[in-house]
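J.:
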Amino acid sequence: MSEPVNDWATDYDIFDPQYVADPFSIWDELRTACPMAHTDRWGGSWLPTRYDDVYAIAHDVVKFPSGNGISVVPLVDAPVPGAPAPTPLLAAGIPPISADAPLHTWTRRLVLPTMSPARVAEYEVYTRALCRRLVDDVLARGEGDAAAEYAQQIPVRVIGHILGVPEEMSDTFTGWVRDILEFANDEERRRRGIMGMVTYVQGAIAERQAEPKDDFITELLQSEHDGEPTSVDVVMGMCALLLIAGIDTTWSSIGSAMWHLATHPDDLRRLVNEPELMPTAIEEFLRAYAPVTMARRLVVDTEYNGCPIKAGERVLMNFPGANRDPEVFPDADKVILDREHNRHLAFGSGIHRCAGSNLARMELRVAVEEWITRIPEFSVTDPALVTWAGGQVRGPRSVPVRVP
Ligand code: HEM
Numbered sequence: 000m001s002e003p004v005n006d007w008a009t010d011y012d013i014f015d016p017q018y019v020a021d022p023f024s025i026w027d028e029l030r031t032a033c034p035m036a037h038t039d040r041w042g043g044s045w046l047p048t049r050y051d052d053v054y055a056i057a058h059d060v061v062k063f064p065s066g067n068g069i070s071v072v073p074l075v076d077a078p079v080p081g082a083p084a085p086t087p088l089l090a091a092g093i094p095p096i097s098a099d100a101p102l103h104t105w106t107r108r109l110v111l112p113t114m115s116p117a118r119v120a121e122y123e124v125y126t127r128a129l130c131r132r133l134v135d136d137v138l139a140r141g142e143g144d145a146a147a148e149y150a151q152q153i154p155v156r157v158i159g160h161i162l163g164v165p166e167e168m169s170d171t172f173t174g175w176v177r178d179i180l181e182f183a184n185d186e187e188r189r190r191r192g193i194m195g196m197v198t199y200v201q202g203a204i205a206e207r208q209a210e211p212k213d214d215f216i217t218e219l220l221q222s223e224h225d226g227e228p229t230s231v232d233v234v235m236g237m238c239a240l241l242l243i244a245g246i247d248t249t250w251s252s253i254g255s256a257m258w259h260l261a262t263h264p265d266d267l268r269r270l271v272n273e274p275e276l277m278p279t280a281i282e283e284f285l286r287a288y289a290p291v292t293m294a295r296r297l298v299v300d301t302e303y304n305g306c307p308i309k310a311g312e313r314v315l316m317n318f319p320g321a322n323r324d325p326e327v328f329p330d331a332d333k334v335i336l337d338r339e340h341n342r343h344l345a346f347g348s349g350i351h352r353c354a355g356s357n358l359a360r361m362e363l364r365v366a367v368e369e370w371i372t373r374i375p376e377f378s379v380t381d382p383a384l385v386t387w388a389g390g391q392v393r394g395p396r397s398v399p400v401r402v403p
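Going by numbering that gives the first Met the number 0, 142 is the number at position 143 of the sequence shown; the sequence numbering is gapless.
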C-alpha cells in the first residue's frame, strides 16, 4: 500500500483510493492550479488535465512515442539492478499499441478489417443473444450485480468468440486481465496475469499451426508482411493485446453506464421513453466515464509547455480528464444524454486511436438496450456496496441492483 497523497500537483498517485473514488474533483482543481501535475511515484510521471494538452501530446508521436513503454507503472520486465536482464515474455511487445512506425502501421492494418462496421454487425447477433441470456438470469432472481454479473460477462465472451477462445475460459481470462490492469501495482499478480495469458496464447497458436481454424488467430498466422509470414512473436503480442484491450475497457464502460442509470432515475426514465437518444447517450457515457489512461515513456529529455520531462519519465495520457475539461465540454461534470457536440477522447486520438471502437460502441449500445428494454426500472440496493477499480482502467466492479 502506497503512502497517502497530500499534494496532488507534486505527488499524485492514480492508484490512491481517493483518485479511484473521485478523480473528477482532483482534475478540476489541477486544471486551474497546475494543469500538468508531476509525481516521483512509479518511476516519475506527468499528468496533463486539459483537453488541448492531452490532444497535442497524443498527436506528437515523435516526442511522445509508444515504443518505449505505454503502461502507467513500470513493466514487470524492467531490469532489476544487479540482476541479468530478464527475457521479455512478449518479445515483440503488444503491437500496434506498444509500437511506433513501421511495426505500428502494418500491425494496425491487420487488425482494422476485423473491427470494421460490417464485421461488427455480424458480432452483434452473438452479443444480443448473450445479453438476453444474462438479463434472463437477473430477472429470474429479481436482483443481480449489474457490473459483476452483467457488464463483466459480455466483452470477454465477445472477443473470445472473435478470436476463437472457448467460452468456458471466460472467467480465467477475466482474472488474468484484472491481474494485468487492475492490480498493476502488485508485481506478483501482474506477472501471474501476463504469464497466464502468454502461456494460453502460445498454446492456442500451436494448435492452429497444427490445424488451422476459422478464427482471427488463424487469420493472423496466415497473414504476410513484405512477402514474409507475420512472425509468431507479433501474432502472440497482437492476440494478447486484443484480449487485454478488449475486455477490461469495454466492461468498465458498460458497468459505468449501468451504474449511472441505476443511480439517476430521471436519465433512466428518459432513455427508456426516448430510445432515439441512444446514440448520443452512448457517446456521453463514453465521455463522462472514459475508462482508459495510457502512458508514453520518453526516450530523451524534452520540454512541454515549460515542464521539463526527463528521459525515462512517463506522461500519462489522461483521456478521462480531458473529457471533463469545461473549456471544451460545457457542464463537463454533468451527464447530458442529448449532448450535441461531443468530440471526446475516450478512444484516444491520433495514430493509436482505438482500433476496436466500432466493436466497443456496439457492445455498449446492445448491453444498455437489452437491459433497459426488459428492465426499465432498477436501482442500486445499497450505495455502500458499490465498488470501483481504478488505475489504468477505471470502472465499477460491483453494482448490486434490485429489479421490480
Ligand atoms: C469502451 C471500450 C474501449 C475503450 C475506452 C478503449 C480505449 C482505447 C484507447 C484510449 C486507446 C489508445 C491508446 C493510446 O493512445 O496509447 C485504444 C487503443 C486500442 N484499442 Fe481500445 N478501447 C476500448 C475497447 C477496445 C476493444 C473492444 C478492442 C478490440 C478488441 C480494442 C482494441 C484496441 C487496439 C488494438 C488499440 C491499439 C490501436 C493502435 O495502437 O493503433 N479496444 N483503446
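Even glycine gets a Cβ: it sits at the ideal position worked out from N, Cα and C. All values derive from a computational prediction rather than experimental measurement.
(1) Tell me which residues share the same chain as residue 253 and place their Cβ nearer than 8 Å to its Cβ, disregarding the 5 neighbours each side in the sequence.
(2) Counting only the same chain and skipping the five closest in sequence on each side, list residues whose C-beta sits under 7 Å from that of residue 191.
(3) Check whether the Cβ atoms of residue 251 and residue 394 sit closer than 7 Å, and answer yes or no.
(4) Go through its chain and collect everything with a Cβ distance to residue 10's Cβ below 6 Å, but skip five positions before and after it.
(5) For the ligand HEM, I want to know if residue 110 counts as a neighbour, meaning its beta carbon is within less than 6 Å of at least one of the ligand's heavy atoms.
(6) From residue 53 to residue 392, what distance separates their C-alpha atoms?
(7) For residue 78, which three-state DSSP category applies?
(8) Going straight from the alpha carbon of residue 27 to that of residue 62, what length do you get?
(9) What I want to know is whether the C-beta of residue 345 ends up closer than 6 Å to one or more non-hydrogen atoms of the ligand HEM.
(10) Taking residue 337 as the reference, give the member of 18, 270 and 64 with the closest Cα.
(11) DSSP on residue 386, reduced to helix/strand/coil?
(12) For residue 436, which residues from the same chain have a beta carbon less than 6 Å from its beta carbon, with the 5 sequence-adjacent residues on both sides left out?
(13) Taking Cβ positions, are residue 246 and residue 176 nearer each other than 7 Å?
(14) So, is residue 173 buried or exposed, given that buried needs 16 or more other C-beta atoms within 10 angstroms?
(15) Going along the chain, which residues of its own chain have a beta-carbon closer than 8 Å to the beta-carbon of residue 144, five neighbours each way excluded?
(16) Which one of 29, 98, 71 and 56 has the shortest CA to CA distance from residue 302?
(17) Tell me which same chain residues have a C-beta within less than 8 Å of the C-beta of residue 384, skipping the five on either side of it?
(18) What separation, rounded to the nearest whole angstrom, lies between the Cα atoms of residue 390 and residue 283?
T.: According to the data block:
(1) 149, 150, 153, 154, 362, 363, 366 and 367
(2) 178
(3) yes
(4) 4 and 38
(5) yes
(6) 17 Å
(7) Here the model assigns residue 78 a pLDDT of 44, short of 50, so the residue's position is not dependable, and the following value carries that caveat. It is coil, neither helix nor strand.
(8) 27 Å
(9) yes
(10) 270
(11) strand
(12) Since the first and last residues shown for the chain are 0 and 403, residue 436 lies out of range.
(13) yes
(14) buried
(15) 397, 398, 399 and 400
(16) 56
(17) 397 and 399
(18) 21 Å
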